[in-house]
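Visitor: I am attaching a structure below and will ask some questions about it afterwards.
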Amino acid sequence: MTHTINIEGVKLYAYHGCLPEETKVGAEYIVDVNLEYDFTEAAKTDDLTKTIDYCTVFNICKHEMAIPSKLIEHVCQRIFDSVLKTFPNLIHTKVTIIKLLPPMNGPVDKVSVSISN
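In case it helps, my numbering puts the sequence shown at residues 43 to 159.
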């Protein structure tokens, strides 16, 4: 049996990028976190302590996104590492960061990076 929690569409404004204007003006980002683990006990008992607290995951994303970085790859790795450290019983984890309207030499809606195990 597979148990998955998907926390998707975490919208945050942050200041990541290699161009000077990116770190001054900032941009909109979306973070998705997909977590697989055994939550049988939580499903049976209705006990929050037996599952993953969505607010904790949101706060990890918010905290790491608030630290400016040149690369969203670096931010993604920090979120991934922090989630794994906070919830060591995870079977599979995937973190995706989407940067909306990146500054490119043409029209691009978004770019994204993902890390999973």
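We put the CB at the ideal spot given by N, CA and C, even for glycine. All values reported here derive from a predicted model rather than from experimental measurement.
How is Leu77 classed by DSSP in three states: helix, strand or coil?
Guide: strand
Visitor: Go ahead and label Glu106 buried or exposed: buried means 16 or more other beta carbons lie within 10 angstroms of its beta carbon, across all protein chains shown.
Guide: buried
Visitor: Name the one or two DSSP bridge partners that Thr135 has.
Guide: Leu77
Visitor: Could you tell me the alpha carbon to alpha carbon distance between Gly139 and Gly51, rounded to whole angstroms?
Guide: It is worth fixing the name first, because residue 139 is Ile in this sequence and not Gly. Going from the Cα of Ile139 to the Cα of Gly51 covers about 10 Å.
Visitor: Across the region 109-118 and the region 74-94, are there enough close Cβ pairs to call them in contact, namely three or more that are closer than 8 Å?
Guide: no
Visitor: Relative to the C-alpha of Asn101, which candidate in Asp88, Thr91, Ile157, Phe122 has its C-alpha closest?
Guide: Phe122
Visitor: At which residue ranges does the region 43-131 contain complete beta strand (DSSP E) runs of 3 or more residues, listed in the order of the chain?
Guide: 46-56, 69-78
Visitor: Using the DSSP secondary-structure output, state which residues sit across from Lys142 in a beta bridge.
Guide: Here the sequence assigns Leu to residue 142, which means Lys is not the residue at that position. For Leu142, the beta-bridge partners assigned by DSSP are Lys152.
Visitor: Measure the beta-carbon distance from Asn159 to Thr135 and round it to whole angstroms, keeping in mind my assumption that it falls under 8 Å.
Guide: 6 Å
Visitor: Rounded to whole angstroms, how far is the Cβ of Glu78 from the Cβ of Ile133, which I believe are closer than 8 Å?
Guide: A Cβ-Cβ distance of about 5 Å is found for the pair Glu78 and Ile133, placing them in contact under the 8 Å criterion.
Visitor: Taking the straight line between their C-alpha atoms, what separation do you get for Tyr71 and Lys92?
Guide: 30 Å
Visitor: Within its chain, find whatever has a CB closer than 6 Å to the CB of Ser154; leave out the 5 residues flanking it on each side and keep chain order.
Guide: Thr138, Ile140
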